[in-house]
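One line per chain: the protein sequences are A and B, in this order. Just so we're aligned, residue 324 is where the first sequence starts under my numbering, counting upward by one. Just so we're aligned, residue 9 is where the second sequence starts under my numbering, counting upward by one. Each residue gets a CB set at the ideal place from its N, CA and C atoms; glycine is no exception. Encoded as structure tokens, the structure appears first; notes follow it.
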Amino acid sequence: EAGVTQSPRYAVLQEGQAVSFWCDPISGHDTLYWYQQPRDQGPQLLVYFRDEAVIDNSQLPSDRFSAVRPKGTNSTLKIQSAKQGDTATYLCASRRGIQDTQYFGPGTRLLVL
Amino acid sequence: GDSVTQTEGPVTVSESESLIINCTYSATSIAYPNLFWYVRYPGEGLQLLLKVITAGQKGSSRGFEATYNKETTSFHLQKASVQESDSAVYYCALGDTNAYKVIFGKGTHLHVLP
């Protein structure tokens, strides 16, 4: 069984530029999470979906961040007008049902100059 | 609020020594917290090490153990004899009921010397 895949693995931007991150969860996993992990911090939840529906996006900076999962499979996280404070690793995780645990992808490391 | 506090690293121990990484939690909005330890080995993604969903129970994996203590709100990670291959970053985490939302601690870097 393939794991959670993410792309790109690395991104370097100037402030003000936009960037998109892509996540392909494990097949059959209905729940998908996006986390932001600043250096020397733990992962912090940004948003999560069950199928195509957003369940919780309360921690997503809505003015510049957006996330979609239109068919309930792959997902895209987008940052408009990136800031230096967005420098972090962005992790995607997926899960099947309430008995399972989260499986994490390798992450995308973002550096905003 | 809900939060997790764990031993600040880095923690350095020699092979075959014992290890404890402290973790305490605050779950003010979660009626039945689930507790986890995740680990990230060098060059690998974050993965679950062990979990306990019932207070008073102990979880174990790969020689590591952690007991869910509701009275002291703690979930310390212990191992009797570490190996060099245990070198990694360890994260204590708190989940709501069914663990749809998980709150992570800052992580503890463990270095095991040969």
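Where residue i meets chain B, residues with beta-carbon distance less than 9 angstroms
i, result
"LEU414/A", "GLY53 and LEU54"
"GLY408/A", "Correct list: empty, because the minimum Cβ distance to chain B is about 17 angstroms."
Residue environment, residue i, which counts as buried when at least 16 other CB atoms sit within 10 Å
i, result
"SER348/A", "The amino acid occupying residue 348/A in the given sequence is Pro; Ser does not appear at that position. Under this definition PRO348/A is a buried residue."
"ARG70/B", "exposed"
"ASN106/B", "exposed"
"TYR40/B", "exposed"
Contact list for residue i against chain B, beta-carbon separation under 7 angstroms
i, result
"GLN359/A", "Those within 7 angstroms of GLN359/A in chain B number zero; the least Cβ separation is about 11 angstroms."
Within chain A, the residues that residue i reaches when beta carbons sit closer than 8 angstroms
i, result
"ASN30/B", "Per Cβ cutoff of 8 angstroms: no residues; ASN30/B is ~15 angstroms from chain A at best."
Chain A contact for residue i (CB, 8 angstroms cutoff)
i, result
"TYR99/B", "yes"
"PHE83/B", "no"
"LYS66/B", "no"
"GLU115/B", "Here residue 115/B is Gly; the residue named in the question, Glu, does not match the sequence. Yes, GLY115/B counts as interfacial toward chain A."
"VAL110/B", "yes"
8 angstroms Cβ cutoff, residue i in contact with chain B
i, result
"PHE372/A", "no"
"LEU369/A", "no"
"ILE349/A", "no"
"ASP353/A", "no"
"GLY428/A", "yes"
"GLY366/A", "The sequence shown places Pro at residue 366/A, not Gly. By this cut-off, PRO366/A is an interface position."
"ILE421/A", "yes"
"ASP386/A", "no"
Whole-angstrom C-beta distance between residue j and residue i, which should lie under 8 angstroms
i, j, result
"VAL12/B", "HIS117/B", "Rounded, the Cβ-Cβ distance is 16 angstroms, inconsistent with contact."
"LEU58/B", "LEU102/B", "With 8 angstroms as the limit, LEU58/B and LEU102/B do not qualify as a contact, their Cβ atoms being about 14 angstroms apart."
Paired residues, beta bridge with residue i - DSSP
i, result
"ARG373/A", "THR354/A and ALA376/A"
"ILE28/B", "GLN86/B"
Neighbour list for residue i in chain A, Cβ cutoff strictly below 9 angstroms
i, result
"PHE72/B", "Going along chain A, no residue has its Cβ under 9 angstroms from PHE72/B, so there is no contact; the nearest lies around 16 angstroms."
Beta-carbon neighbours of residue i, restricted to chain A and to distances below 7 angstroms
i, result
"LYS87/B", "Correct list: empty, because the minimum Cβ distance to chain A is about 21 angstroms."
Closer than 8 angstroms at the beta carbon, the chain B residues around residue i
i, result
"THR424/A", "PHE44, LEU56, LYS59 and ALA107"
"GLY395/A", "Correct list: empty, because the minimum Cβ distance to chain B is about 16 angstroms."
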